[in-house]
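Taking it in order: structure first as structure tokens, then the write-up.
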Amino acid sequence: MVSAGGGLGGIGAYLPTAVLDTSYSFVRMLIAYALSLGFALGYGYYAATHRGGERVMIPVLDILQSVPILGFFPFAIAVLAMATPGSFVGPNFASVFLIFTSMAWNMVFGVYESLKTLPADLKEAADTFGLRGILLFRRVLFPATVNRLVYNSVLSWTAGWFFLVEAEIFTTGTSTSLSGIGSYLSYAASDGNSAEFLAGILVLVLVIAILDFAVWRPLGRWAERFRYDTTPAGEASEALPGRDASGRIRRATMFVTRGVRTGMARLSTPFVQLALIRARPGHTASARTRSLVYYLSLGAILVLLWLLLIALGVAIFDVFRGPIASTEQHDIALVPLAMGASILRVVAAYAICLAIALPLAIQVARSSLAGRVGLPVIEVVASFPATALFPVIIFGLVPFLTPEGAAILMLLTGMIWYLFFNLLSGIRAVPPDLVEAAHAYGVRGPRFLRRVLLPATFPALITGSITAFGGGWNTLIVAEYLSLGQHEQLSVLGIGQLIDIGTNLGASGYALLAVALLTLVGTVVAINELIWKPLYRRAVTQYRYD
Amino acid sequence: MALIRVEHVDKNFASRHGSIAIMQDISFEVKDADFLAIVGPSGCGKSTLLRLIQGLDRPSGGQIYFRDAPVDGVCRQMAMVFQSFALYPWLTVSENVAFGLEALGWSPGRIGPQVERYISVIGLDGFQEAYPRELSGGMRQRVGLARALAVEPAVLLMDEPFSALDPLTAANLRDEVLQLWRDPALPPEAVLLISHNIEEAIELADRVIVLSRRPGHILAEVPVDLPRPRDRKSTAFYDLTDRVFSLITEGAPSAASAGANGAPALDKPL
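Chains as they are written, first to last, in our numbering: chain A, 400 to 945; chain B, 628 to 897.
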């Protein structure tokens, strides 16, 4: 905070505006969530129950979800441009669309996976009684999806807040700016008004906390009933209806822990989920043995679709703003270099994340005290959208960290939780007998880490890395370039920066925007296909212990 | 009249390496008031056979009849009890028992009393509103049994129903199944039990059909003439168990045992 414009005592004066702006944001979230829910049920159900549909729909979704969410910006921008400045519908539609892209995929895969992994005997039992149609959906198929839908919804909301704030900050200062908590916070920060800023953070924290306590926890307890994984014998007694308060509290904590942990571990990694489904015994092997030709042709089709989408955007643009003027040749030439810089930056942030998350996860998993006290705190912090603090990072920390340091810090906030929660669930899932056997043979310390813990958590490490990188790509766009006022701005060479510049240039920046986005999307898809997927396949085949 | 007639049934599964024969030329009958058990080594297609009989899957060759009508699609006169119980965790005990009745299109007014009746027959009183997760394995299988009986099937198909239970619970439940079968006022008329436990089959059944290793075919049909209740420690029981065990382990069918009727009685020494 540069200066305390209103003084801390004046927080109250800003609360009404903060509440109003947050409610705008909340309504956007609600609409995007409703759309995601409907989409997830429809798409997931169809893909899971129709062989032909599945063959096309799942690979398409796989690509869609690995594309950075901001890759959908050209479409959103075209819509923004169509809307006359000051229009209400256009910008709101664009932001709802962005939030939708951050919420929907993970829920679709939740529905799809629930239906695909529904135990065969539950399906068969319904068949023996001749259930079909509406009754089958109401009694069997829909209940089967409820548990995963609720858990994935918690995560969709966490991701949604992150991108909602990001999208609102992103549009600040443009002709199509959105009223909402994100823009509220960036205006407050650029005015250097601490009281105004703190009022906004306070309201946001309250809304998230109320949602958690009043909606997600009760829903989560209710959703426990819809779990169909086989319960170990010991757990049966624990799940007996405990009417005492302590039991209720324990179950509530269990839900939060499970929710955030498993959710974070799964968010935006549908292809990981897919690999798991395919690795399950009994799953038809056909999905695993697709030819290279299949993937190449699928890739070609998607690239073509992407180009068409961009062409469509340009065409819409032409109609409204006239033909594209001289493009920024210089900036387009910078794209490869910028992409390289961004990759290095994400890798650096990843290395720092790993250095923090691994010891932290080991500590939390292996010490009951750290687990009991530290974990709830970490979960609360993780569910708060770090993007809301970005304005402060820029105004308060750039002088100390240099722009490069601030950019990496922001990237870090968008990456670390995926890694941490995946590692945590991985470490906790190590069978106790493997740990006991190691101790029985006197294997301790670094040797234990190297011989037992790290190999056993390798799949979780890969999953966490994939999701962390996904988070990193999505954060680039605000981490590399953020301009909030006349004087304060952050700008470091990178693909996110070029995308921002291209967007801000309006019509003349459209070619730059298209090239930069295509490069980013292509790079991300290539890294996923060439590095992460093979690594993951190795991880699940070589380091499984079931 | 036979309740179920299985005539020269073959089943093949398609695999990457072509077609694999699961079972070959299976023929037998389930008569009124029959308690028939099918035993065999794992992988011999016992469970597949049960699914073919219910109509969940079609045979690759041959035909299955229920009361002289070809089984075409799921036969609702039979009800299955599963090894894994296959209860829906999101439905209460009552709702699980009502599951099949709903599918039959019964009105809620008729479903209620029927569910209550079978819950009480099976000894689940007081657990109506419990969820399967809250029950022990034995209680869960009781729910599975009540669900199957509630639709009042002519034939109860049981797929390794006692395998997932501890020995004591399994013994109790076996007794109750026998009582149900012998009670003329209650369904089912006949029971077809799949088991890999030879003693269990001999303790319960009138006849035991012994299947070979894959591709499964009938090695013998062994009548069990021991008086009930059967004493597992008796010499006669032991001898019979030993015979069936030898049949399975020695395995190879003699030309004679695959006779014209498909299932010759085993009355010659092995």
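All C-beta atoms in this analysis are idealised placements derived from N, C-alpha and C, irrespective of residue type, glycine included.
Quantities reported herein were computed from a predicted structural model and do not represent experimental measurements.
Item to complete: Using 10 angstroms around the beta-carbon of VAL746 of chain A, count the other beta-carbons present and answer buried if the total reaches 16, otherwise exposed.
Response: So VAL746 of chain A counts as exposed.
Item to complete: May I have the straight-line CA-CA distance separating GLU879 of chain A from ARG765 of chain A, to the nearest angstrom?
Response: Annotation: GLU879 of chain A to ARG765 of chain A spans about 37 Å, alpha carbon to alpha carbon.
Worksheet item: Does the beta-carbon of ARG687 of chain A have 16 or more other beta-carbons within 10 angstroms, so that it is buried, or is it exposed?
Response: Unreliable placement is indicated for ARG687 of chain A, whose pLDDT of 42 sits below 50; no coordinate value is reported for it.
Worksheet item: Around the Cβ of LYS860 of chain B, are there at least 16 other Cβ atoms within 10 angstroms (buried) or fewer (exposed)?
Response: LYS860 of chain B should be labelled exposed.
Practice prompt. Give the C-beta separation of SER839 of chain B and GLY667 of chain B to the nearest angstrom, bearing in mind that I take them to be a contact with Cβ-Cβ under 8 Å.
Written response: The distance from the Cβ of SER839 of chain B to that of GLY667 of chain B is about 7 Å, consistent with a contact at the 8 Å cut-off.
Worksheet item: Can you name, in chain order, every residue of its own chain whose Cβ lies under 8 Å from the Cβ of MET428 of chain A, other than the five neighbours on each side?
Response: Contacts found: ILE498, TRP556, GLY559, TRP560, LEU563.
Worksheet item: Applying a beta-carbon distance threshold of less than 7 Å, which residues of chain B neighbour LEU521 of chain A?
Response: Within 7 Å Cβ-Cβ: ALA713, TYR715.
Fill in: ASP730 of chain A - DSSP class collapsed to helix/strand/coil
Of the three classes helix, strand and coil, the one that applies to ASP730 of chain A here is helix, per DSSP.
Fill in: Under 8 Å by beta carbon: chain A residues contacting MET707 of chain B
Here the neighbours are GLU523, ALA524, THR527.
Worksheet entry | Segment contact, 8 Å Cβ cut-off, at least three pairs: the segment 639-652 of chain B with the segment 803-817 of chain B | With fewer than three CB-CB distances shorter than 8 Å, the segment 639-652 of chain B does not count as touching the segment 803-817 of chain B.
Discussion item. Pop quiz: GLN741 of chain B and LEU762 of chain B are said to be a contact at Cβ under 8 Å. What is the actual Cβ separation, rounded to whole angstroms?
Written reply: That belief does not hold up - the Cβ atoms of GLN741 of chain B and LEU762 of chain B are roughly 21 Å apart, past 8 Å.
Worksheet entry | chain B contact residues for VAL539 of chain A, given Cβ-Cβ distances below 8 Å | Per Cβ cutoff of 8 Å: TYR715.
Discussion item. If we define contact as Cβ-Cβ less than 8 Å, is GLY727 of chain B a contact residue for chain A?
Written reply: Chain A contact via Cβ: present.
Fill in: Alpha-carbon spacing of ASP652 of chain B relative to GLN690 of chain B, whole angstroms
Whole-angstrom Cα-Cα distance: 10 Å.
Discussion item. Residues of chain A with CB closer than 9 Å to the CB of VAL701 of chain B, please, in chain order.
Written reply: Ordered by position in chain A, the residues that pass the 9 Å Cβ test against VAL701 of chain B are ASP526, THR527, PHE528, GLY529.
Worksheet item: Less than 8 Å separating the beta-carbons of PHE857 of chain A and TYR749 of chain A?
Response: With contacts defined by Cβ atoms closer than 8 Å, PHE857 of chain A and TYR749 of chain A do not form a contacting pair.
Practice prompt. Mind listing the chain B neighbours of GLY774 of chain A? Cutoff is C-beta to C-beta under 7 Å, in chain order.
Written response: Looking at the sequence provided, one finds Leu at residue 774 of chain A rather than Gly. The contact set of LEU774 of chain A on chain B, defined by CB atoms closer than 7 Å, is empty, because the minimum CB distance reaches about 25 Å.
Fill in: Partner residues on chain D for PRO542 of chain A, Cβ-Cβ distance less than 9 Å
In the structure shown, chain D does not exist; the protein chains are A and B.
Fill in: Beta-carbon gap between ILE815 of chain A and ALA760 of chain A smaller than 8 Å
For the 8 Å CB-CB criterion, ILE815 of chain A and ALA760 of chain A do not form a contact.
Worksheet item: By Cβ distance, which residues of its chain are closer than 6 Å to MET705 of chain B, with the 5 residues on each side in sequence left out?
Response: In chain order, GLN681, PRO780, VAL782, LEU784 place their CB closer than 6 Å to the CB of MET705 of chain B, counting only its own chain and leaving out the 5 sequence neighbours on each side.
Worksheet item: Thinking just about the alpha-carbon of each residue, which of A:VAL507, A:ILE807, A:THR416, A:THR922 is nearest to the one in ILE457 of chain A?
Response: Measuring from the Cα of ILE457 of chain A, the nearest candidate turns out to be A:VAL507.
Item to complete: Report yes or no: do three or more beta-carbon pairs, one from the segment 600-613 of chain A and one from the segment 408-422 of chain A, lie closer than 8 Å?
Response: Because the criterion of three Cβ pairs below 8 Å is met, the segment 600-613 of chain A and the segment 408-422 of chain A touch.
Practice prompt. Can you pull the chain A residues whose beta carbon is under 9 Å from the beta carbon of LEU683 of chain B, in chain order?
Written response: The contacting residues are GLU523, ASP526, THR527.
Discussion item. Between ALA832 of chain B and chain A, is any beta-carbon pair separated by less than 8 Å?
Written reply: Taking Cβ atoms only, chain A never reaches closer than 8 Å to ALA832 of chain B, which makes this a no.
Fill in: Cα-Cα separation between ALA651 of chain A and THR866 of chain A, rounded to whole angstroms
For ALA651 of chain A, the pLDDT reaches just 42, beneath the cut-off of 50, and the residue's location in the model is therefore unreliable, leaving the point undetermined.
Practice prompt. Indicate the three-state DSSP secondary structure (helix, strand or coil) for LEU879 of chain A in the structure shown.
Written response: Note on identity: in this sequence residue 879 of chain A is Glu, with Leu being the wrong assignment. Note: GLU879 of chain A maps to coil in three-state DSSP.
Worksheet item: Is it right to say PRO845 of chain A is buried, meaning 16 or more other beta carbons lie within 10 angstroms of its own, or is it exposed?
Response: Exposed, by the Cβ-count rule.
Worksheet item: Quick one: what's ARG834 of chain B bridged to in DSSP?
Response: For ARG834 of chain B, which the question treats as bridged, DSSP gives the partners B:LEU663, B:PRO850.
Worksheet item: Beta-carbon of HIS635 of chain B versus every beta-carbon of chain A: anything under 8 Å?
Response: Interface residue (Cβ-Cβ distance to chain A less than 8 Å): HIS635 of chain B is not classified as such.
Worksheet item: How about the segment 755-773 of chain B and the segment 702-719 of chain B: do they share at least three Cβ pairs that are nearer than 8 Å?
Response: Using a Cβ-Cβ distance cut-off of 8 Å, the segment 755-773 of chain B and the segment 702-719 of chain B are in contact, since at least three pairs of beta carbons, one from each stretch, lie closer than that value.
Discussion item. Using a Cβ distance threshold of 8 Å, determine whether the segment 815-834 of chain B contacts the segment 866-875 of chain B, with at least three qualifying pairs required.
Written reply: Because the criterion of three Cβ pairs below 8 Å is met, the segment 815-834 of chain B and the segment 866-875 of chain B touch.
Discussion item. Please tell me whether HIS682 of chain A has its Cβ less than 8 Å away from any Cβ of chain B.
Written reply: With a pLDDT of only 40 at HIS682 of chain A, under the threshold of 50, the placement of this residue in the model should not be trusted, and no figure is reported.
Worksheet item: Could you give the distance in angstroms between the alpha-carbon of TYR442 of chain A and the alpha-carbon of SER907 of chain A?
Response: Their Cα atoms are separated by approximately 38 Å.
Worksheet item: Quick one: is TYR627 of chain A near chain B, going by C-beta distance under 8 Å?
Response: In terms of beta-carbon proximity, TYR627 of chain A lines the interface with chain B, with at least one pair separated by less than 8 Å.
Worksheet item: Mind listing which residues of the segment 541-572 of chain A have their C-beta closer than 9 Å to chain B's C-betas, in chain order?
Response: If the cut-off is 9 Å between Cβ atoms, the segment 541-572 of chain A has PRO542, ALA543, VAL545, ASN546 near chain B.
Discussion item. Here's the rule I'm using: 16 or more other beta-carbon atoms within 10 Å means buried, otherwise exposed. How should PHE569 of chain A be labelled?
Written reply: Result: buried.
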